[in-house]
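Quick note, the sequence shown lines up with residues 55 to 854 if you use this note's numbering.
All C-beta atoms, glycine included, are put in the ideal place defined by N, C-alpha and C.
Values in this document were obtained by computation on a predicted structure and should not be read as measured data.
Read the structure below first, then the notes.
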Amino acid sequence: MFTANTIILIPFLAAMILPFLYKRISFQIGWIVLFVPAVLFIVLGSYIPSIAGGSTYYHTFYWIPSLSIDFTTYLDGLGLIFGLLITGIGGLVILYSIYYLSSEESLLHFYMYVLMFMGSMLGVVFTDNLLVFYVFWELTSISSFLLIAFWFHRKRSRYGAQKAMLITVSGGLAMLVSFIMMYMMAGTMSIRELIKTIDVNHELFIPALILLLIGAFTKSAQFPFHIWLPDAMEAPTPVSAYLHSATMVKAGIYLVARFTPVFGVEEIWTLLITGVGLATLLWGSITAVRQTDLKALLAYSTVSQLGLIMSLFGIGAAALRMGSSTETAIYAQAIFAALFHLINHSTFKGALFMVVGIIDHEVGTRDIRKLGGLMSIMPISFTVALIGAFSMAGLPPFNGFLSKEMFFTAVLDARNLQLFSLSEWSGLVPVIAWIASIFTFIYSMIIVFQTFFGRSRLENEEFPVREAPFGMLVSPLILSICILGIFFFPNIVGDYLLRPALAEIYPTIPEISGLMKPITIWHGFNAELFMTFGVVVLGIVLYKYLSRWKGLLYLLPSALSFDALYNKTLEWAESASIRVTGSYMTGKLWHYVTYIYLFFIVMIGGALLMTGAFSFDTSGNAEIRSYEWLIVFVMMAAGLALPLAKYRVTAVLLNGVLGYGIALLFVIFRAPDLALTQIAVETVTTALFLVCFYFLPAWEKEKRPAGTKLFNVIISISVGAIFIMVALSVQSERLFQTISGYYEKAYELAGGKNIVNAIIGDFRAFDTMLEVVVLFIAGIGVYSLTKLKAGRGGENIGDQ
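As structure tokens, then:
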């Protein structure tokens with residue numbers, strides 16, 4: 055049986071192998087890629103019985119034990135739900151893309167990006183180590199950036215990819231700081247250990263909570279970070295169906311679910327998640343009604359539905375603070391509903407995205423104002439759209455009805471939550487939920503009736519509109535069957551997937567699964583059902599007169615939107631950076647050297663003065679002999695003459711005097727290895743200088759402002775003085791203990807009898823390797839310059 059570690063790595067390995075197979079096969083590469091999620095889905099499915107029985111699977115690959123960073127995975131009920139969605143929806147999306155994407159597209163890159171994203175998402179949901187979790191978290195941002203910008207020749211695609219990257223990565227950095235705070239509080243990188251050991255009274259607990267939620271809200275497109283999701287719809291439809299309905303946007307929800315046992319005991323956790331979730335639900339549903347592009351409408355509907363799920367997790371966290379089992383069951387039912395709607399949303403939203411892609415593919419437009427009358431032309435697509443849209447609207451007999459009713463139950467129960475001084479406002483929770491549900495009903499009706507009913511409003515039909523090929527319809531049809539199947543057999547999902555996941559969210563309440571009521575189709579005549587009747591009746595009326603009141607939704611000027619704020623912020627940042635960069639990037643080398651030396655003087659000199667580290671004692675030093683003085687005076691003379699040189703060759707030779715002088719000192723101090731290295735480097739450097747200078751234009755003195763020479767002299771003396779101070783202060787060992795004792799154990803630790811060789815080849819092996827790489831790159835640069843065939847004085851002999 056595959057471990058979770060293996061399941062994570064398989065998509066990455068497949069992405070690495072794919073380029074070698076691409077040119078060796080004669081059929082669509084997607085058929086090979088489809089094999090990966092299909093196998094992983096079957097493997098994860100084989101875990102369902104055992105995990106439903108209470109088993110969990112823990113596996114560790116030791117990576118960097120000294121830093122508590124191990125590739126540790128934990129396969130439990132919560133991770134299994136997300137793993138099945140990632141691989142199951144991923145397989146259907148790949149099957150859909152085989153027929154959707156043209157053979158002229160860069161299919162190799164597309165499927166490599168999809169596999170990389172799939173592996174990253176699996177890493178997020180199965181990883182137990184905080185830092186490894188963060189690595190996979192950011193890999194999802196990188197791979198989604200590549201997928202959103204797949205059609206990089208489109209400006210809007212590049213813009214959407216950049217927007218998604220900036221917002222989600224910024225949230226990821228906030229989450230990373232939260233992880234570091236958790237480690238400081240609990241002393242462990244394991245998420246499971248955090249639940250047992252974290253100190254809820256620690257001063258960093260609340261800051262860590264808030265920063266973690268910023269990461270979750272940005273990833274799951276919560277208000278006001280939701281603005282990246284609609285622009286990400288510029289990606290190909292298979293990408294939208296995968297990333298932005300079933301996987302990436304669910305990563306933030308997974309983060310909240312996984313850390314609910316850690317932070318759910320704090321009331322502010324419930325307050326923030328519920329408040330932000332409800333605001334996202336309402337704003338997304340209202341904004342969706344404004345849209346005229348089907349894909350944009352689905353984007354904002356996704357934002358709205360994510361807010362619904364998020365608010366349920368906020369309400370459900372209150373169960374961790376309840377005293378009686380009855381109260382615990384009431385609020386835990388909210389997270390039970392959240393997990394259920396998580397699955398339902400993936401099915402109906404994935405199907406709807408695919409149908410919209412089919413309409414765009416076959417009709418050539420997604421503009422609702424140009425569509426209509428497609429029911430008779432595209433009957434299968436219409437059926438799938440009807441099932442998906444009505445499920446999203448919360449109508450029977452579709453799975454969305456069941457989770458929507460459970461959502462109404464949860465928001466009605468939320469009226470009894472006592473949260474700080476906001477208890478009197480808790481009555482607004484079901485009101486906001488009900489209003490948002492009305493708008494959800496309206497935009498669901500828009501999808502069905504304005505697209506498929508009435509007469510066609512297509513102006514120029516160059517090609518006859520027809521139903522999509524059957525291969526493109528298979529995936530949405532499978533999702534439609536799932537929508538209906540879950541409605542009629544909901545407790546199969548509830549017993550085998552939802553209850554084991556719920557047990558992981560409430561690990562301190564072992565009896566939680568038994569407290570959950572079975573999911574029933576008929577709840578009787580209760581408040582939730584009457585709320586549904588109200589949604590349907592008022593929704594039908596508002597939809598019928600949509601044209602009369604829709605203009606009210608445009609009263610908010612676009613200049614005051616969050617999109618406008620984001621764009622203005624970017625424009626200000628770019629203009630400010632140009633101004634700041636232009637103030638110091640003058641194109642004059644002496645300016646750049648001055649900046650470096652001034653920084654050195656301020657930082658090193660300031661540190662020496664502030665710490666009082668400058669002190670030295672020369673009483674124990676050896677006597678300086680006459681020939682040593684002679685070498686030093688020669689070097690000093692060369693150093694003073696160097697800035698006065700009028701020709702490049704003279705400057706190079708004087709610089710060589712300094713280098714060879716240092717080599718002589720190494721010989722005198724009995725360091726032949728260093729002397730040989732210094733001589734070799736100095737010889738090569740001098741030769742390279744001479745070769746390069748041969749092709750440069752004549753040396754002309756640069757005109758500088760008055761007083762520059764005096765300023766340069768002051769800087770030069772200051773830098774030299776600080777170097778001398780540092781060198782002399784090193785002997786005092788006042789701030790830090792010397793590390794020379796460690797290197798003296800060269801033979802014991804590295805098996806080297808020569809301490810210098812051991813330092814270079816063992817203790818600083820990576821540093822040495824990188825230095826060699828730098829020299830190699832410099833050599834390539836010099837070789838390139840010499841091959842330019844430029845004449846003396848820098849004039850080109852001929853065009854290349």
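Check: Where Ser-430 sits in the DSSP three-state scheme; Outcome: coil
Check: Heavy atom of the ligand ADP within 7 Å of Pro-261 beta-carbon; Outcome: Inclusion of the ligand ADP in the displayed structure is not the case, the ligand content being empty and no account of it being possible.
Check: Identity of the residue in Val-189, Phe-452, Val-97, Ile-632 nearest Ile-61 by Cα; Outcome: Val-97
Check: Bridge partners - Phe-125, DSSP secondary structure assignment; Outcome: Phe-115
Check: According to DSSP, residues forming a beta bridge with Ser-631; Outcome: According to DSSP, Ser-631 bridges with nothing at all.
Check: Nearest-angstrom Cβ-Cβ length linking Phe-670 and Leu-782, presumed shorter than 8 Å; Outcome: 4 Å
Check: Reduced DSSP category for Ser-498 - H, G, I as helix; E, B as strand; rest coil; Outcome: helix
Check: Contact check, Val-87 vs Tyr-165, beta carbons under 8 Å; Outcome: yes
Check: CB-CB length for Phe-506 against Met-429, believed under 8 Å; Outcome: 4 Å
Check: Three CB pairs or more closer than 8 Å across the region 481-495 and the region 331-351; Outcome: yes
Check: Inter-residue Cα distance where the pair is Val-867 and Gln-216; Outcome: A query on residue 867 cannot be resolved here, the shown segment of the chain reaching from 55 to 854 and no further.
Check: Helix, strand or coil at Thr-110 according to DSSP, with G and I counted as helix; Outcome: coil
Check: Pro-315 - containing alpha helix (DSSP H), residue span; Outcome: 302-317
Check: Beta-carbon spacing of Ser-195, Gly-226 below 8 Å; Outcome: yes
Check: Beta-carbon proximity check, Ser-400 vs Ala-300, cutoff 8 Å; Outcome: yes
Check: Residues sharing a beta bridge with Asp-347, DSSP; Outcome: Asp-421
Check: Euclidean distance between Cα positions of Ala-661 and Ala-240; Outcome: 34 Å
Check: As assigned by DSSP and simplified to three states, the class of Leu-183; Outcome: It should be noted that the sequence gives Asn, not Leu, for residue 183. If DSSP states are grouped into helix, strand and coil, Asn-183 belongs with the strands.
Check: Cβ neighbours of Ser-772 in the same chain (closer than 6 Å, five flanking residues each side left out); Outcome: Ile-655
Check: Which listed residue (Pro-450, Asp-549, Ile-148) has its alpha carbon closest to that of Tyr-296; Outcome: Ile-148
Check: Per DSSP, the bridge partner or partners of Ser-244; Outcome: Asn-183
Check: Assigned exposure category for Thr-127 - 16 Cβ within 10 Å defines buried; Outcome: buried
Check: Beta-carbon gap between Val-410 and Leu-348 smaller than 8 Å; Outcome: yes
Check: Rounded Cβ spacing between Thr-341 and Val-303 (contact assumed at less than 8 Å); Outcome: About 16 Å separates the two Cβ atoms, so there is no contact after all.
Check: The region 545-557 in contact with the region 129-138 per 3-pair CB rule at 8 Å; Outcome: yes
Check: Closest by C-alpha distance to Gly-404, when choosing among His-298, Pro-315, Pro-484; Outcome: His-298
Check: N-terminal and C-terminal residue of the alpha helix (DSSP H) that Arg-702 is part of; Outcome: 702-722
Check: Ranges of the alpha helix (DSSP H) found wholly within the region 192-249, counting only runs of at least 4; Outcome: 209-240
Check: Under the three-state DSSP convention, the category Trp-603 falls into; Outcome: helix
Check: 6 Å Cβ shell around Lys-458 - same chain, five flanking residues per side excluded; Outcome: Gly-448
Check: Residue closest to Thr-819, alpha-carbon to alpha-carbon, out of Phe-830, Ala-804, Ile-831, Leu-829; Outcome: It should be noted that the sequence gives Ala, not Thr, for residue 819. Looking at the Cα atoms, Ala-804 is the closest of the given residues.
Check: Ser-198 burial status per 10 Å Cβ neighbour count (16 or more: buried); Outcome: buried
Check: Residue range of the unbroken alpha helix (DSSP H) whose run includes Phe-765; Outcome: 762-784
Check: Neighbourhood of Ser-244 by C-beta, 6 Å cutoff - its chain only, sequence neighbours within 5 removed; Outcome: Asp-182
Check: Inter-residue Cα distance where the pair is Phe-171 and Leu-764; Outcome: 59 Å
Check: Residues near Ser-435 in its chain [Cβ-Cβ closer than 6 Å; skip 5 each side]; Outcome: Val-409, Ile-412
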